Amino acid sequence: MQSKTILLVDDNAVQAMIRRTILERNGYATITVLQPARALDHLRNSDSPSSIDLVITDHIMPGMSGSTFSREVRGLRPTIPILVISGMEDAYLEYEGLNVEFRAKPLQPEILLQSVQQLIGIPEPSVSSSVLAAVIA
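If you read the sequence shown in our numbering, its first letter stands for residue 43, the second for the next number, and so on.
Put into structure tokens, the structure is as follows:
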């Protein structure tokens, strides 16, 4: 079985790397993208866009809000689970009708993992110890 793959989108490189480390240490493969437009390009141009099991995105990012990004993702992949993380309590209002999971910052590692597990399950142990890890600036 293959590991579950998460597209992690956050303009804050430190936060992105912390979340990436948490996810990878728990068996998830991650593709980390620091710009939402590049994440959309990755989804559009991927040889196998269905290989992404979950999108995790920040709410406030330069150039494109998390809600706009989520709408674009829905246009490309209507059924992919999306987890939005925001420090703004009322930001969830911008996501009405988008069928996303919303979590407030600060997000403790165990809450991040619980949320991911609820959305896509626990990753299967893989025969290979290699983990897909990419950062797209």
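Quick reminder that beta carbons are idealized off the backbone N, C-alpha and C, glycines included. Model, not experiment: these values are computed from the prediction.
Among the options, which one has its Cα closest to the Cα of residue i?
| i | options | result |
| --- | --- | --- |
| residue 114 | 45, 133, 90 and 80 | 80 |
Taking 6 Å as the line, does the beta carbon of residue i fall inside it for any heavy atom of the ligand MG?
| i | result |
| --- | --- |
| residue 165 | You won't find the ligand MG in this model; it holds no ligand whatsoever. |
With a threshold of 6 Å on Cβ separation, who are the neighbours of residue i within its own chain once the five nearest residues in sequence on each side are excluded?
| i | result |
| --- | --- |
| residue 52 | 58 and 100 |
| residue 172 | At residue 172 the pLDDT is 42, less than 50, meaning the model places this residue with poor confidence; the figure from the coordinates comes in the next sentence. Cβ within range, chain order: n/a, list empty. |
Measure the alpha-carbon distance for residue i versus residue j and round it to whole angstroms.
| i | j | result |
| --- | --- | --- |
| residue 131 | residue 159 | 23 Å |
| residue 148 | residue 154 | 10 Å |
| residue 138 | residue 126 | 12 Å |
| residue 96 | residue 47 | 7 Å |
Please work out which residues of its chain come closer than 7 Å, Cβ to Cβ, to residue i, disregarding the five sequence neighbours upstream and downstream, and give them in chain order.
| i | result |
| --- | --- |
| residue 116 | 140 |
| residue 165 | 45, 46, 69 and 70 |
Return the Cβ separation of residue i and residue j in integer angstroms, given the expectation that the two are a contact with Cβ distance under 8 Å.
| i | j | result |
| --- | --- | --- |
| residue 150 | residue 105 | No, residue 150 and residue 105 are not in contact; Cβ-Cβ is about 28 Å, not under 8 Å. |
| residue 143 | residue 124 | 7 Å |
Ends of the alpha helix (DSSP H) at residue i?
| i | result |
| --- | --- |
| residue 145 | Run containing residue 145: none in the alpha helix (DSSP H); it sits in the beta strand (DSSP E), 143-146. |
| residue 133 | Run containing residue 133: none; DSSP gives neither H nor E here. |
Quick one: give me the first and last residue of the beta strand (DSSP E) that residue i is part of.
| i | result |
| --- | --- |
| residue 128 | 124-128 |
Excluding the five sequence neighbours on either side, which residues of its own chain have a C-beta within less than 8 Å of the C-beta of residue i, listed in chain order?
| i | result |
| --- | --- |
| residue 86 | 118 |
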